[in-house]
Amino acid sequence: MDSQGGAASARTQTLTIETAVDPDAIWELLADPRHIPAWAPAFADAITGTELAGWRAVKDGRPFALRVAHARAQRTVDYLREIAPGREGGAYLRVLRRPGGGSVIVMTLPLIPGTDPEKVTATLRAELAALTRLASTA
């Protein structure tokens, strides 16, 4: 609710998925952005570069710089790009240890004004499913 008592407009969409795969293995996969096209083709068609030299992504023939911010101890990975001069945005992922074994993967995406939240949800759901399939075969 907003301060006026009405429903606040959503600025993000967050979904989770569970998998039997160890959380450290999921984090390792996420920390290497070269895997992104295999599980999140809506974000990037190709990723090149290195952590030291910097990452470059291409989507629909348009290249962009990609910054990958990650923390192993917290199992966080953020894929960030410039969305406006001096402003970054992107996908924010957290990998949690699931009680009894395995992982819970949490992914948050910003909602761009004018986008259909249901389409974003469907894309996010498909990407998380593809990520767990990829992690299960790695």
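According to the working numbering, the sequence shown holds residues 1 to 138 in order.
Ideal Cβ placement from N, Cα and C applies to all residues, glycine included.
As a beta-bridge residue in DSSP terms, Val95 pairs with Ile105. Taking C-beta atoms as the reference points, Ile105 and Ile36 fail to come closer than 8 Å. Here the stretch 10-28 makes contact with the stretch 93-111; the two share three or more CB pairs at distances below 8 Å. Here DSSP, grouped into helix, strand and coil, assigns Thr121 to helix. Residue burial annotation: Ser136 is exposed, with fewer than 16 other C-beta atoms found within 10 angstroms of its C-beta.
The residues Leu15, in chain order, have a CB closer than 7 Å to that of Arg125 in the same chain once the five nearest residues on each side in sequence are set aside. Secondary-structure assignment with DSSP links Gln74 through no beta bridge to anything.
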